[in-house]
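What follows is a set of notes on a single structure, which appears directly below.
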Amino acid sequence: MSGSTTYEGQLCCAICGDAILPPTPEPSASLRWQTEAVLLSDPDQEFEQLERHYRGGKKRGAPRLDPHVGQEIQKDRAHVIEGDRLRILPAEEENEEGEEENPGRERECVRANNSYIYEENDQWAVTPYYIATHGACLEVAEDTMRRSPHDIIVRDLRTLWKALRMRFEVDDSYYMSTVTGAVSRPQRVQLPHGYYMPFQPSRLASGDPLVEHSATDSLVGDHERWEASYPLFVPKLTSAILENLRSLPPATAAIPESLAFQKRFLALPPELRDHVCSFLVSRNGMRSACNGLLPQWVWRDVLLTGKCLPFLPEIDASVVQGFCTLWEEEEEEGRGRELNWEFLVRRLSQEDWSIWDAESSSLKVPNGLRNRRRVWQLVEEMYVGDLVPVQRTTQGTYCVAVPRYWGRAGELVYPVMRIKVGSKDKQQLLGGSLGSHLPAA
Ligand SMILES: [Zn+2]
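The sequence shown runs contiguously to residue 1311 in the working numbering.
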């Protein structure tokens, strides 16, 4: 079982919640992706436009502002120098010969999750608010926004930006409201679901983290931290998924009613069969009980096309074919058992991806895939204003209040409101499905 992780002094990815590591001369292959950061920033400074106009939400009588926003959210590759300081890398750092392009260009150093006013040529200016993510997590998030079949809210980069920016606004407000003023940066926004990592506990949410190992470790004991595994490319993914077929009970013979349905289903044109299969998509996973209404090869195709399991699009058809051929040879002795593709797809759809104790899961899923699914879930549940101020401690009085400029989908809200601890109008905390993922206290 994994232990808990401390993120003290660590810059963390705003999407997945795990550490963004400084590059080392010889990074291990498994950790390298965590050193490759991308900074998100808004060239139009929409938040700052709104903040100035409404003075942080306090000037409720101000006329409605429709900020000028025409540019995309900017993405800059960067490396951590130390703490929350990063160096922005030129867009094309090296050409094919390994020579650095624009060698004279000075690499810019910035601070993440922060902005401040500075003077330049007798003018006051505000630094861009850079939000730091892992480049890989941002790729997964963009894939989720593009391909999720569910009714999700965050579908574009600007909405993702707004959701993350408002989380930091809540978090920043805690620091600004403390009397001591000891601002501990870089901060990691504490979320009630703890980013669906092992042992996430209410203790972390209350600012009392368990200290067992550092976020720079990829191993805990003999186990790789699955929540720190590279989510984009998963080696031998198809064969790892197929191995589960051996441990699942083979399909039982279909009953006459199921066979009659199968006959009618197979008589449909392919377009209609695809349409029927599209209804298998379920946000909370399919039911575990197999009903045999669809032939097993249809379930195999459901797995291959990735339509019902969109976070798993790269199943290799040739590996599946080889596996099936081997199975048929082994089954030659006349037992005639069928592989239970239906059960496999149902199990994959309902696997508890936020599981605290992944090693004990009966379904063996590669760590990178489990981590990818975690990020999918985080993005699918995200909305603007999904973090509201809560009472973090019983000691002292917090006067945390954050302006609400946008609604859940990022639409402008007028008049602007200030959300305080205990506000009756505060929005629902991090989605309706959260409760089912929280571990028992
Ligand atoms: Zn990440």
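The beta carbon of each residue, even a glycine, is placed where N, CA and C say it ideally should be. All values reported here derive from a predicted model rather than from experimental measurement.
{"Asked": "Whether S1158 touches R1217 by CB criterion (9 Å)", "Found": "yes"}
{"Asked": "Residues that DSSP places opposite D1321 in a beta bridge", "Found": "Nothing about residue 1321 can be read from this structure; the chain reaches only from 871 to 1311."}
{"Asked": "Buried or exposed (CB count within 10 angstroms, at least 16 for buried), C882", "Found": "buried"}
{"Asked": "Reduced DSSP secondary structure (H/G/I, E/B, other) of I1023", "Found": "coil"}
{"Asked": "Run of the beta strand (DSSP E) containing Y1284, from where it starts to where it stops", "Found": "L1282 to K1290"}
{"Asked": "Element boundaries [beta strand (DSSP E), containing V1272]", "Found": "A1271 to W1276"}
{"Asked": "In chain order, each alpha helix (DSSP H) run of at least 4 residues that lies wholly inside the region 1102-1187", "Found": "1107-1117, 1126-1136, 1140-1148 and 1166-1175"}
{"Asked": "Alpha-carbon spacing of I1022 relative to E1250, whole angstroms", "Found": "6 Å"}
{"Asked": "E1039 burial status per 10 Å Cβ neighbour count (16 or more: buried)", "Found": "buried"}
{"Asked": "Short Cβ contact (9 Å threshold) for E916 with K1032", "Found": "yes"}
{"Asked": "Per-residue burial, C886 [other beta carbons within 10 Å of its own, 16 or more giving buried]", "Found": "buried"}
{"Asked": "Any non-hydrogen atom of ligand 3 within 8 Å of A1033 CB", "Found": "The ligand content of the structure shown is limited to ligand 1, which means ligand 3 is not among them."}
{"Asked": "T1029 - DSSP class collapsed to helix/strand/coil", "Found": "helix"}
{"Asked": "From R1278, E918, V1258 and A1279, residue whose alpha carbon lies closest to that of V1270", "Found": "V1258"}
{"Asked": "Those residues which DSSP pairs with Q1247 across a bridge", "Found": "None; Q1247 has no bridge partner."}
{"Asked": "Distance cut-off 8 Å: G927 Cβ against heavy atoms of ligand 1", "Found": "no"}
{"Asked": "Any non-hydrogen atom of ligand 1 within 8 Å of T905 CB", "Found": "no"}
{"Asked": "V1190 versus V1172, R1278 and P1165, residue with shortest Cα-Cα distance", "Found": "V1172"}
{"Asked": "S1099 and G931 closer than 9 Å at C-beta", "Found": "no"}
{"Asked": "Contact belief for A948 with V908 at Cβ below 8 Å, rounded distance in angstroms", "Found": "7 Å"}
{"Asked": "Near ligand 1: G887 beta-carbon under 8 Å from a heavy atom", "Found": "yes"}
{"Asked": "Local Cβ density within 10 Å of Y1044, reported as buried at 16 or more and exposed below that", "Found": "buried"}
{"Asked": "heavy atom of ligand 1 below 8 Å from T1003 C-beta", "Found": "yes"}
{"Asked": "Cβ-based neighbour list, E906, same chain, cut-off 6 Å, excluding 5 preceding and 5 following", "Found": "G1005"}
{"Asked": "Three-state secondary structure (DSSP) of A995", "Found": "strand"}
{"Asked": "L1179 versus E878, Q1261, S1018 and T876, residue with shortest Cα-Cα distance", "Found": "S1018"}
{"Asked": "Residue range of the alpha helix (DSSP H) that includes R922", "Found": "E916 to Y924"}
{"Asked": "Rounded separation between I1185 and P1236 - CA only", "Found": "13 Å"}
{"Asked": "CB contact below 9 Å: R902 versus chain B", "Found": "The structure shown contains no chain B; it holds only a single protein chain."}
{"Asked": "Closest residue to E1097 among R902, Y1065 and T1003 (Cα-Cα distance)", "Found": "Y1065"}
{"Asked": "Of the residues V1151, E1212 and A1187, the one placed nearest S1161, counting alpha carbons only", "Found": "Correcting the residue identity first, residue 1161 is Asn in this sequence and not Ser. Out of V1151, E1212 and A1187, E1212 has the C-alpha closest to the C-alpha of N1161."}
{"Asked": "Cβ neighbour criterion (16 or more within 10 Å) applied to G1051", "Found": "Note on G1051: pLDDT 49, under 50, position unreliable in the model; the coordinate value appears next. G1051 comes out exposed."}
{"Asked": "Rounded distance between the beta-carbons of R981 and R1322, thought under 8 Å", "Found": "Nothing can be reported for residue 1322: it is not among the residues displayed for the chain, which extend from 871 to 1311."}
{"Asked": "A1279 (DSSP reduced to helix, strand or coil)", "Found": "coil"}
{"Asked": "Classification of T1195 by the beta-carbon crowding that lies within 10 angstroms, buried from 16 upward", "Found": "exposed"}
{"Asked": "The region 995-1013 / the region 1125-1140 touching (three or more Cβ pairs under 8 Å)", "Found": "no"}
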